[in-house]
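As they're listed, the protein sequences go chains A and B. Those letters in the first sequence? Residues 13 to 89, by my numbering. Those letters in the second sequence? Residues 3 to 664, by my numbering.
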Amino acid sequence: MVPLSLMKEGDHVRVEQISGSGYLASTLSQLGISVGEELMIIQKGNESVIIRARGSRYALGTGAASMVLVTYIPGAA
Amino acid sequence: MTEIRVLLAGNPNVGKTTLFNTLCGVYQHTGNYPGVTVDIKEGTRKSGTVTLRISDLPGTYSLSAFTPDEQVARDALLTSNPDIIVQIVDATNIERNLFLTTQLTEIGLPMIIALNMVDLAQESGITIDAACLSKNVGLPVVKIVASKRTGVDELVQTIINEAGKAGEKRTPLVHYPSSITAHLDAITKVIQNHREHLTNLTPEYASIRLLEGDQPLSDRLHKAGVTIPVVDTCEPAEVDAHIQDIMLARYKAAEKVTSCAVCCSMCRVMPTDLLDQVLTHRWFGIPIFLSFMWFAFQLTFSASAPLASGLEILFGGITESLGTLGLDPTMTSFLSDGVIGGVGTVFSFVPSIFILFLLLSLLEDSGYLARAAFVMDRLMHSLGLHGRSFIPLLIGFGCNVPAIMATRTLQSRADRIITIISIPFMSCAARLPVYVLLAGIFFEAQAGTVIFFLYILGILTAIGTALLFRRLVFHDDPSPFIMELPPYRSPTLHAAALHMWHRGKEYLQRAGIVIFGGVIVVWTLATLPFGVEYGSAESLAGTLGHLAEPIFAPLGFTWQLVVGLIFGFIAKEVVVGSLGTLYGGEDSLTTTLAGDPALGPATALAYMVFVLLYLPCVATLGVIKQEMGSWKWTGIALGWGILVAFVLAWITRIVALLVIGA
């Protein structure tokens, strides 16, 4: 399990845990990003990422991206 | 004559306000980024003998409100008891939109889905079978394209038909696991004997809300002495588990409906992704943003210059012909020095303002501004601001008043206060005439660049302010930034021109009323006491300016400039207006200012910096008080602005004197 902020562009990942305040977890779950959800990393900043989840693009800023813990899904295109 | 009360609900940025404008034939500002509507807007539409009373709610992803604007939407949906709910669903992103549908249907009111942007969905390879969708959600579905007014009449007819069928039982959309339904049944059993405390909610729906942790509702029941089963007895960890289970069940329901109704050719590389690769690039993102802005200001200045000088010649001509009419001298002075000198000068900057508004509207409609927020978040986070603060700050370029209202999309109070204190440093449109005038005179060819750097200075000051207050007052980190990035849409000139016109119209109205009033005050002060030469040092205005002049001596401002600053508090447009009035005479303001030996590039620069920063206008101060609900913070905003303006204008002058030597 690694923070989302450490993944590479184009990686497909699965959300395993959302740490930090309840605000982050509940905001993400409203957008359909909860534990078990699969995401694709479209763009990477220094500590921020743009992801695609359920057909929409979301920007997770510095701080948010490091609190989402994910596992890599190998072989997904 | 019957009346139907309609609530427009939906996710952020799905076109609610566009539909509202189309339905009600009015204009409310819309934009291609989430969170433009922060308040409930109301309008009406007549259809035969029926009047639809329509409320446009702020966008919300769910009914568990986190930010002030989401709370507004939640409260309206749950307590206003409308006749019908119309949910606007973005056809390009149907699944996430249906997540809200699963919650809205539980309220138990008549409801319709307006499936918007079907044209864009088709372009990206998504075709939606409306009949199938309708069957699965158990609601009428009307396909519309709000921006092109397609399907709107059919929607109105459906609203009228459905509102009549109130109270019909629907099969529930969401199937909760048995553990949850057992809890819900237990809660419902108790609270159905206390309906008077449920504010129009059905006991079944109220029990779902209670299990989800609706604080206001459980407070009301507790106050009435009701003990709520499950909710009152379980551990916080169990509460979280229940919420997760409920959310999951809703997503499953949304997913099921989507999989049936949508046929989508997946995995195409979207043009949006390609654009994002470049525009939000780790290194190029900020330079690209800055070059967009620099280009916008260059274009604003160069394209508007001929128009502005044309207007100036026109007003000069009117002044001249006034002199030949043989009117009473006081009347002539009032018309030429007061009205034309003041209001006329302000009006000659209308072209610059319209062009700047047009360019900002084009950027906004394209969807780029949401990216700009993301690009800036990296920077802003380290500087103590929230990424979402960026949009209110950007709106501040137009006018600080709506900018401060837009901070309602921020969830934490610390983030809000810091943003509100920083906003007045964003150079609003009213300050632009001062720069255009002075930079045009003293920096000629470099005027566009000078103006660009003034805007940058404003941004830097805003950031510095945020950093300082975050470190010294609040100590905590900004809350995490999460924002939806809408797909890029090619902006239409028609829509952008409409934005430009409506924002520009506000400016014109202000120029007409507030500025006219301000200018009359300045003219009166410049004329009285009777007998003194108009606008001379002996007039009341002169006395006032001379009294304050020593304070501004380090900055090198003349007394006329000081009077301009004092009256600029009414509205910053009045600065140029009163300069026009005070320097009034045979020649145009430009010639007079250029010929004033007391003025040079360094002083002009210091003056522009001072005007940029010194204090928000009365209207801004009023809205700061309203949004913060605190005189203390309003006072801090005021004092901090004056202090910063003084110090930075002084430094600017010293540096400019060293560099330019004038």
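Where is the CB? At the ideal position from N, CA and C, for every residue including glycine.
- Below 8 Å, enough C-beta pairs join the stretch 365-376 of chain B and the stretch 278-293 of chain B to call them touching: three or more.
- With a threshold of 16 other beta carbon atoms within 10 Å, residue 562 of chain B meets it and is buried.
- For residue 120 of chain B, the uninterrupted alpha helix (DSSP H) segment begins and ends at 120-125.
- DSSP, reduced to helix, strand and coil, places residue 434 of chain B within a helical segment of the structure shown.
- Of the other Cβ atoms in all chains shown, 16 or more fall within 10 Å of the Cβ of residue 145 of chain B; this residue is therefore buried.
- Annotation: the continuous beta strand (DSSP E) that includes residue 43 of chain B extends over 43-49.
- For residue 12 of chain B, the enclosing beta strand (DSSP E) has its first and last residue at 4-12.
- Interface residue (Cβ-Cβ distance to chain A less than 9 Å): residue 287 of chain B is classified as such.
- Residue pairing by DSSP places residue 65 of chain A opposite A:68 in a beta bridge.
- In this structure, the straight-line span from the alpha carbon of residue 414 of chain B to that of residue 20 of chain B is close to 29 Å.
- Non-local beta-carbon contacts of residue 111 of chain B in its own chain, meaning distances under 6 Å to residues more than five positions away in sequence, involve 87 in chain order.
- Residue pairing for residue 92 of chain B: DSSP places it in a beta bridge opposite B:118.
- In the DSSP assignment, residue 30 of chain A falls within the unbroken beta strand (DSSP E) covering 24-30.
- In the DSSP assignment, the residues bridged to residue 55 of chain A are A:62.
- If you check the CB distance, residue 71 of chain A and residue 484 of chain B come in under 9 Å.
- For residue 161 of chain B, no Cβ of chain A is located within less than 9 Å of the residue's own Cβ.
- Residue 50 of chain A and residue 81 of chain B have their alpha carbons spaced roughly 37 Å apart.
- Interface criterion not met: the Cβ of residue 16 of chain A is under 9 Å from no Cβ in chain B.
- Distance from residue 575 of chain B to residue 432 of chain B at the Cβ level is roughly 5 Å; contact confirmed, criterion being Cβ atoms closer than 8 Å.
- As computed with DSSP, residue 50 of chain A is found in a beta bridge with A:26.
- The beta carbon of residue 47 of chain A falls within 9 Å of a beta carbon belonging to chain B, placing the residue at that interface.
- Around residue 77 of chain A, the same chain offers 15, 16, 17, 59, 60 and 61 as residues with beta carbons nearer than 8 Å, after the five sequence neighbours per side are excluded.
- In the DSSP assignment, residue 390 of chain B falls outside any beta strand (DSSP E) and carries neither an H nor an E.
- Against chain B, a Cβ distance below 8 Å from residue 30 of chain A picks out nothing, because the smallest value is about 10 Å.
- At a C-beta separation below 7 Å, residue 66 of chain A has these neighbours in chain B: 97 and 98.
- Distance check between residue 11 of chain B and each of B:23, B:66, B:54 and B:75 places B:75 closest, using alpha-carbon atoms only.
- Against chain B, a Cβ distance below 8 Å from residue 62 of chain A picks out 278, 282, 376 and 487.
- Under the three-state reduction of DSSP, residue 371 of chain B is assigned to helix.
- At a cut-off of 9 Å between beta carbons, residue 368 of chain B makes no contact with chain A.
- Boundaries of the beta strand (DSSP E) harbouring residue 58 of chain B: 52-58, taken from the DSSP string.
- Residues of chain B with a Cβ closer than 7 Å to the Cβ of residue 57 of chain A are, in chain order, 284 and 380.
- Under the DSSP assignment, residue 459 of chain B falls in the alpha helix (DSSP H) whose first and last residues are 449-471.
- Taking C-beta atoms under 8 Å as the contact rule, residue 383 of chain B and residue 44 of chain A fail to qualify, at a distance of about 24 Å.
- By the Cβ test, the stretch 49-57 of chain B is not in contact with the stretch 117-125 of chain B, since fewer than three Cβ pairs between them sit closer than 8 Å.
- Ranked by Cα distance from residue 54 of chain A, the options A:42, A:13 and A:69 are led by A:69.
- Nearest to residue 175 of chain B by C-alpha distance, out of B:248, B:167, B:152 and B:164, is B:248.
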